[in-house]
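Participant: In case it helps, mature numbering (1 follows the signal peptide of the UniProt record, and there is no 0) puts the sequence shown at residues -20 to -1, 1 to 141.
Note that CB positions come from ideal geometry on N, CA and C, so glycine has one too.
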Amino acid sequence: MKINKVLTFILFFGCFAVNAQQTEIKLKEYSFSETERLQENNPRPLFIFIYTDWCKICEGMKKTTFKNNEVISLLNKHFYFIKLNGEEKKDITFLGKTFAYKPTGNKTGTHQLAKELSSIKGKISYPTTTILNSKFEIDIQVDSFINSKKMKKILESYLNH
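Shown next as structure tokens:
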């Protein structure tokens, strides 16, 4: 009887110890200018996550999908990951062109690069995930929440095409 209690105790707390030892992998983030330089010697697709600060679905992806170790591992190994705020106020120079924030109302606006990379059928929605190939051409655009399982499938499918 005492042995069963001891074994149960060990198994119960052993699970916590194993989970506590898992290290969190950090997602490497790049800027557009960094990826241009890196492409010269180490071409990779660009994975661009286009979001806004007010978008709750975007925040959900940041807290779940981009915290998943399998997703992070695939992104770190095979892609250059870039986060782009669709309402970024700073100019971004990419591929020899400078993109700027364009106001659309009193306190609203869209960054030209976000518009360029997230427009699907002339419409922008957040979040949008865009993958550019190593020649900077759009290969994939998905304009919705993508959970970890689906993201892993998208990434693996893209890498195997």
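Quick check on DSSP: helix, strand or coil for residue 115?
Facilitator: Reduced to three states, the DSSP call for residue 115 is coil.
Participant: Which word fits residue 110, buried or exposed, when buried means at least 16 other C-beta atoms lie within 10 angstroms of its C-beta?
Facilitator: Buried, by the Cβ-count rule.
Participant: Given a threshold of 16 other Cβ atoms within 10 Å of its Cβ, counted over all protein chains shown, does residue 84 qualify as buried or as exposed?
Facilitator: When all chains shown are included, residue 84 counts as exposed.
Participant: Please report how far the alpha carbon of residue 16 lies from the alpha carbon of residue 60, in whole angstroms.
Facilitator: Whole-angstrom Cα-Cα distance: 10 Å.
Participant: Determine the direct distance from the alpha carbon of residue 30 to that of residue 94, and round the result to whole angstroms.
Facilitator: For residue 94 and residue 30, the distance between alpha carbons rounds to 7 Å.
Participant: Rounded to the nearest angstrom, what separates residue 3 and residue 49 at their Cα positions?
Facilitator: C-alpha separation (whole angstroms): 9 Å.
Participant: Considering only residues of the stretch 49 to 124, which uninterrupted alpha helix (DSSP H) runs meet the minimum length of 4 residues and lie entirely inside it, listed in chain order?
Facilitator: Listed in chain order, the complete alpha helix (DSSP H) runs (minimum 4 residues) inside the stretch 49 to 124 are 49 to 58, 92 to 98.
Participant: Tell me which residues share the same chain as residue 114 and place their Cβ nearer than 7 Å to its Cβ, disregarding the 5 neighbours each side in the sequence.
Facilitator: Answer for residue 114: 19, 23, 24, 25, listed in chain order.
Participant: What would DSSP say about residue 16, mapped onto helix, strand or coil?
Facilitator: Residue 16 falls in the helix class under three-state DSSP.
Participant: Since I believe residue 82 is in contact with residue 89 (beta carbons under 8 Å), could you give me their beta-carbon distance rounded to a whole number of angstroms?
Facilitator: So it is a contact: roughly 6 Å between Cβ atoms.
Participant: Tell me the residue span of the alpha helix (DSSP H) that contains residue 134.
Facilitator: Taken as a continuous stretch (DSSP letters only), the alpha helix (DSSP H) holding residue 134 covers 128 to 139.
Participant: Assign residue -13 to one of two classes, buried (16 or more other C-beta atoms within 10 Å of its C-beta) or exposed (fewer than that).
Facilitator: Residue confidence for residue -13 is low, a pLDDT of 48 falling below 50, so the modelled location carries little weight; the figure read from the coordinates is stated next. Result: exposed.
Participant: Please confirm whether residue 37 and residue 125 have their CB atoms less than 8 Å apart.
Facilitator: In contact: residue 37 and residue 125 (Cβ atoms closer than 8 Å).
Participant: If I measure Cβ to Cβ from residue 128 and keep anything under 8 Å in the same chain, skipping five residues before and after, which residues do I get?
Facilitator: Answer for residue 128: 44, 45, 48, 50, 51, listed in chain order.
Participant: When we look at the beta-carbon of residue 91 and count the other beta-carbons within 10 Å, is it buried (16 or more) or exposed?
Facilitator: So residue 91 ends up on the buried side.
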